Structures are given as C-alpha cells and as structure tokens.
Amino acid sequence: MFHLRQDGRLTNVELAKRVGLTPPPCLRRVKRLEEAGVIAGYRAVINPEAMGRGLEVLIDVEIYAQDRKSFEEFEDTVASYDEVVEFRRMYGRPDYFIRVAVADHAAYEAFLTGKLSCLPAVLRLESHLTMKKIKTNR
4 MFHLRQDGRL
14 TNVELAKRVG
24 LTPPPCLRRV
34 KRLEEAGVIA
44 GYRAVINPEA
54 MGRGLEVLID
64 VEIYAQDRKS
74 FEEFEDTVAS
84 YDEVVEFRRM
94 YGRPDYFIRV
104 AVADHAAYEA
114 FLTGKLSCLP
124 AVLRLESHLT
134 MKKIKTNR
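So the number in the numbering used here is just where the residue sits in the sequence shown, counting from 1, plus 3.
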C-alpha cells in the first residue's frame with residue numbers, strides 16, 4: 004500500500020520488486036485490494052501554484068440552519084463552487100470545514116464576499132491561512 008500511495012503509476016513489475024513478490028501474485032493482491040474497496044482509485048497530484056491557485060485558505064463555518072432542507076441547500080451550493088477543494092460537515096463546532104484554493108488574496112476576498120458570506124444560512128466564518136505545510140497526504 005505504501006508504494007502505491009507514494010506513486011500510483013508504478014508498474015506491476017516495479018511494485019512486485021519493491022515488495023518482494025513476483026508479478027503475478029502482486030497483481031492478484033492489487034486486484035483484490037481494488038475489488039475490496041481498499042484501493043478506491045488512482046489520481047494525479049496537481050501543483051496548485053502551476054494552476055494559478057497558490058493561496059489555500061481553511062475556513063470554519065457556522066450556520067443558522069437546523070432543518071435538513073437548509074443544510075442540503077447550503078451543502079449543494081458550496082460544493083458547486085470551483086474554488087472549494089474540500090468540504091466537510093463536522094460534529095460540534097464549527098458546523099463545516101472548507102478548504103479553498105485561489106490565486107491570491109484578492110481572489111479569496113472576492114470568493115468570501117461574493118459567494119460564501121452572502122449565503123443566507125451563514126452565521127459565522129473564520130478564515131485560517133497556512134504559514135507552512137508540514138505534512139500532506141501525497
């Protein structure tokens with residue numbers, strides 16, 4: 004698992020070498036992991052700066068809404084925003100955690116004031132800017 008998590012494009016032959024197996028049993032194990040849902044997919048890791056999204060902001064959101072319809076409308080709207088790269092409903096406070104990636108501070112201000120803060124369900128927003136990334140899931 005470690006080797007595939009580090010490089011999902013490894014060939015079966017290279018993966019087999021790294022884990023000390025011959026290719027056929029290695030391939031069978033990988034297929035079983037995929038079928039069992041342990042390996043849920045493969046993806047490319049995109050460099051945000053190269054895509055013009057070098058500023059990442061974490062946002063805590065508390066909302067007024069307590070009914071299912073309001074929650075669902077809020078979630079559908081926020082999930083549709085291109086700037087949103089991660090969106091979670093939390094237990095306790097805050098109600099939601101949002102990670103956005105934008106070009107710069109002006110783009111973040113436009114997102115915050117033009118999209119997020121004007122949603123009717125929003126009670127409170129708290130933005131967090133990253134000083135330094137220590138570990139990422141790559």
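Cβ coordinates follow ideal geometry from the N, Cα and C atoms, glycine included.
Treat the numbers as computed from the prediction; the structure is a model and nothing was measured.
Counting only runs of 3 or more residues that sit fully inside the segment 42-75, the beta strand (DSSP E) segments are 58-66, in chain order. Under DSSP, the beta-bridge partners assigned to His131 are Leu61. With respect to Ile101, Val64 sits close: the two C-beta atoms are nearer than 9 angstroms. Counting along the chain, Arg35 sits inside the alpha helix (DSSP H) bounded by residues 26-38.
Taking the C-beta atoms as reference points, Pro123 is found nearer than 9 angstroms to Tyr67. Looking at the backbone, the Cα of Val22 and that of Thr14 are separated by about 12 angstroms. Under DSSP, Phe100 takes part in a beta bridge, and its partners are Asp63, Arg91. A residue is called buried when at least 16 other Cβ atoms come within 10 angstroms of its Cβ; Ala104 meets this threshold and is buried. Here the segment 84-96 makes no contact with the segment 29-38; the two share fewer than three CB pairs at distances below 8 angstroms.
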